[in-house]
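Residue numbering for the sequence shown follows the UniProt record's numbering, starting at 1 and increasing by one per position.
In what follows, a structure is listed as structure tokens, so that the remarks can point back to it.
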Amino acid sequence: MKSTIIANPLVSIVVVNWNTLEITKKCIESIEKNVIVPYEVILVDNGSTDGSAKYFKESNHKNTTVIFNDSNQGYAGGNNVGIKMAKGKYICLLNSDAFVTKGSIELMIRHMEKTDASLVGPLTNKAKGLQSKRVFIKPFRKLLPSNQEVEYLSFFCILIKSEVFKKIGLLDESFGLGTFEDDDFCKRAKHNSFKLNIAQHAWVWHEAHATMKANNISENDLIMTNKYKFEDKWKTQ
Numbered sequence: 001m002k003s004t005i006i007a008n009p010l011v012s013i014v015v016v017n018w019n020t021l022e023i024t025k026k027c028i029e030s031i032e033k034n035v036i037v038p039y040e041v042i043l044v045d046n047g048s049t050d051g052s053a054k055y056f057k058e059s060n061h062k063n064t065t066v067i068f069n070d071s072n073q074g075y076a077g078g079n080n081v082g083i084k085m086a087k088g089k090y091i092c093l094l095n096s097d098a099f100v101t102k103g104s105i106e107l108m109i110r111h112m113e114k115t116d117a118s119l120v121g122p123l124t125n126k127a128k129g130l131q132s133k134r135v136f137i138k139p140f141r142k143l144l145p146s147n148q149e150v151e152y153l154s155f156f157c158i159l160i161k162s163e164v165f166k167k168i169g170l171l172d173e174s175f176g177l178g179t180f181e182d183d184d185f186c187k188r189a190k191h192n193s194f195k196l197n198i199a200q201h202a203w204v205w206h207e208a209h210a211t212m213k214a215n216n217i218s219e220n221d222l223i224m225t226n227k228y229k230f231e232d233k234w235k236t237q
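Structure, rendered in structure tokens:
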């Protein structure tokens with residue numbers, strides 16, 4: 001893959017692709033079109049069999065490094081490969097079925113720089129809890145402080161200070177293909193006194209479940225398995 005790699009990115013955006021080539025293209029295009037600050041994309045292909053490897057070897061996406069895993073390392077494993085390569089002060093984990101809007105990454109960075117938050121997420125069309133846009137209808141948005149702490153942020157799109165990984169480590173790969181590694185990471189961050197915030201004016205569109213659908217995986221089964229794993233891990237802590 002031929003590309004110009006930026007030497008000193010402010011933010012490293014990690015995207016994991018597993019047999020979602022067409023939607024991943026749209027994700028990368030949204031980054032190229034809508035991210036203004038100096039950035040790098042670290043695209044990790046998780047052993048895809050849908051032609052992704054051929055496409056990304058021949059493509060020329062700006063500021064993008066592509067890493068090819070021989071097999072699927074799961075959501076956490078794929079992201080961890082990218083995190084280890086990241087050079088940015090901030091690291092953004094972005095699902096391949098999530099599309100950034102104009103200035104959304106910058107708004108998350110600005111929020112982080114103006115507050116003491118170390119993990120920041122945007123609002124979206126599909127997320128549980130406070131990140132759902134429905135919760136932040138304009139008349140009610142002003143009732144909550146802009147630096148309102150939350151217990152959990154969904155990792156469909158998450159901005160994290162690189163120092164957080166140095167302190168608490170990477171995503172827990174024992175959660176396999178995915179689900180609950182974000183709950184686990186947020187809990188570890190909170191236990192180490194890192195604060196989680198929502199950037200209320202940042203918006204990222206999320207298709208949701210694209211990877212599971214593309215690979216015919218029952219997400220409900222994964223959720224149940226990893227829910228028990230998560231609860232067992234934290235029951236004595």
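C-beta atoms are modelled at their ideal positions from N, C-alpha and C, and glycine is treated no differently.
These numbers come from a predicted model, not from an experiment.
Compare the Cα-Cα distances from residue i to each of the options and report the closest residue.
i: residue 239; options: Leu177, Ser71 and Phe56; result: Since the first residue shown for the chain is 1 and the last is 237, residue 239 is missing from the structure and cannot be characterised.
i: residue 272; options: Leu94, Ile198, Asn197 and Leu196; result: The structure shown does not extend to residue 272, since the chain spans only 1 to 237, so no value can be given for it.
i: glutamine 89; options: Leu159, Gly77 and Val100; result: It is worth fixing the name first, because residue 89 is lysine in this sequence and not glutamine. That would be Leu159, whose Cα lies nearest to the Cα of lysine 89.
i: asparagine 34; options: Arg110, Val150 and Val100; result: Val100
i: histidine 61; options: Asn79, Asn147, Lys167 and Lys25; result: Lys25
i: tyrosine 39; options: Lys54, Leu222, Glu106 and Asp97; result: Glu106
i: leucine 10; options: Phe180, Ile109 and Thr49; result: Ile109
i: phenylalanine 180; options: Thr225, Asn79 and Val150; result: Thr225
i: isoleucine 6; options: Ala53, Trp18, Val37 and Lys213; result: Val37
Since residue i and residue j are thought to touch, with beta carbons under 8 Å apart, how far apart are those beta carbons, to the nearest angstrom?
i: lysine 102; j: serine 12; result: So it is not a contact: roughly 20 Å between Cβ atoms.
i: phenylalanine 194; j: leucine 119; result: 6 Å
i: valine 164; j: serine 96; result: About 23 Å separates the two Cβ atoms, so there is no contact after all.
i: asparagine 197; j: lysine 167; result: Contact doesn't hold; Cβ gap of about 18 Å is too wide.
i: glutamate 207; j: isoleucine 23; result: 7 Å
Within the same chain, show all residues whose beta-carbon is closer than 6 Å to that of residue i, passing over the 5 residues directly before and after it, in chain order.
i: glycine 82; result: Val14, Ile42 and Val44
i: alanine 202; result: Ser104, Leu107, Met108 and Pro122
i: valine 204; result: Ala98, Val100, Ser104, Pro122, Thr124 and Cys157
Apart from the five residues on each side of it in sequence, which residues of its chain come closer than 8 Å, Cβ to Cβ, to residue i?
i: lysine 84; result: Leu170
Given 8 Å, three or more beta-carbon pairs between the stretch 163 to 174 and the stretch 66 to 86: yes
So, does the stretch 225 to 233 touch the stretch 178 to 186, judging by three or more C-beta pairs under 8 Å? yes
Hey, which unbroken runs of the beta strand (DSSP E) at 3 residues or more fall wholly within the UniProt domain "Glycosyltransferase 2-like" (12 to 168)? 39 to 46, 64 to 69, 90 to 94, 98 to 100, 117 to 123 and 157 to 161
Residue ranges of each alpha helix (DSSP H) within the stretch 166 to 208, 4 or longer: As for any alpha helix (DSSP H) of minimum length 4 sitting wholly inside the stretch 166 to 208, the runs are 181 to 191, ordered along the chain.
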